[in-house]
Amino acid sequence: MAITGKPVKELEGITPASINENILSSPIPLVLRGYAEDWPAVKVSGQSSAAALSYIEERYARVPVTTCLLPAKERGRIFYNEAMNGFNFSANLESFHTFSKMLLNEEDSSNPRGVYMPSTDADKWFPGVVSENNAGLDELDPIKLIWIGNKTQVAAHYDFTSNLACCLCGRRKFTLFPPEQINNLYPGPLEFAPGGQEISLVDFQQPDFRRFPRFKVAIESAQTVILSPGDALFLPGMWWHHVEGLDAVNVLYTHWWRESPAYYGRPSNALLHAVLGLSGLSSSQRKAWRSIFDYYVFNDEESEPPASALGFFKGAINEEQARQLKQLLTDRLKK
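Sequence positions in the sequence shown follow UniProt numbering and run 1 to 335.
Dropping the structure here:
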């Protein structure tokens, strides 16, 4: 089954020199057609997939890369094993040259294995690619990652940070859902997932609507887009995205940044602590705590109690206050 959602809003004529805050703070996904079409990596990919991989290898820091293999029977779907106590792929460290050969060897196969290098720190592993292909986001100091694979599928998941994903080689299909669709996407375990972030348990190629009936509701709000080399997708943090490689070799160059200071920590840590502290409570107690969280954390109303009554909760928390809060939390977790 191919999910065809509503089209993602597209912008034409945006370049690394002209990208602006309105785009980078958009609450909805945006497609930037031709954003990276003048990059050396994109121009080389127009020659062949082998040329694209050679370009990257020539700018590789000679540090082994994680190389993952999926049996052909998995149809490229990166997921759990049948027992849900492990994953359906193997992972080893290889040279980039070895990885490239493995990937190209599957290019003409009628029943290819899934071969991919998961998101890898571009500054450390591929500094030459970074220096020659600038996305114009230097002021944001983003984390830059490169993902390379064949016709594989990354299950729907969300990321806390915003992302500008630039397609360097091959085509990639993104299926997107707004954050409020979480209940209809059936996320798996918080603590154990193929890429670290919890994923939807629904097989997007063969959805089981008897097991996951609410997925039909999610499909109604889906947005889809296919990126070609040189295209980019701005993805706001917390949007769910399923990513599928459509060609035998595809390369995605992503740029990640957060809107809040790093010293705030990750919201997912707060979620884990909430699970620990609240899941065993009665329904009435959980309802009461929901009201408390709404008051202290999610209250956007203009009418607030006096600042003197809020302590840490008044306005933005500075770095020193964040340090004090972390110490307070650490001390309490030890008890």
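The beta-carbon is built from N, C-alpha and C at its ideal position, and this holds for glycine as well.
Judged by DSSP in its simplified three-state form, tryptophan 39 adopts coil rather than helix or strand. As DSSP reads the structure, methionine 238 sits in no beta bridge. In this structure, the straight-line span from the alpha carbon of glycine 13 to that of glutamate 132 is close to 21 Å. Approximately 5 Å separates the beta-carbon atoms of asparagine 111 and alanine 72; this is inside 8 Å, confirming the contact.
Glycine 280 sits in coil when the DSSP states are folded into three classes, being neither helix nor strand.
In the displayed model, phenylalanine 177 falls within a strand according to three-state DSSP.
Of Asp300, Ala17, Gly237, the smallest CA-CA separation from aspartate 138 is found for Ala17. Judged by their CB atoms, aspartate 121 and leucine 103 are not nearer to each other than the 8 Å cut-off. The C-beta of methionine 117 has 16 or more other C-beta atoms within 10 Å across all chains shown, which makes the residue buried.
If you check the CB distance, arginine 210 and asparagine 184 do not come in under 8 Å. Judged by beta-carbon spacing, tyrosine 60 lies within the 8 Å limit of phenylalanine 96, meaning their Cβ atoms are closer than that value.
Looking only at Pro127, Thr4, Gly170, the smallest Cα-Cα distance to glutamate 58 is reached by Pro127. Counting only the Cα atoms, leucine 70 lies some 16 Å from lysine 101. In the three-state DSSP reduction, alanine 122 falls in the helix class (H, G or I).
Leaving aside the five residues that flank proline 40 on each side, the residues in its chain whose CB is nearer than 8 Å to its CB run, in chain order, Tyr55, Glu132, Asn133.
The C-beta distance from glycine 5 to glutamine 223 rounds to 5 Å, short enough to fall under 8 Å.
Annotation: the continuous beta strand (DSSP E) that includes serine 162 extends over 162-169. When C-alpha distances from tryptophan 125 are compared across Glu198, Trp147, Asp108, the shortest belongs to Trp147.
In the DSSP assignment, the residues bridged to histidine 255 are Lys144, Leu164.
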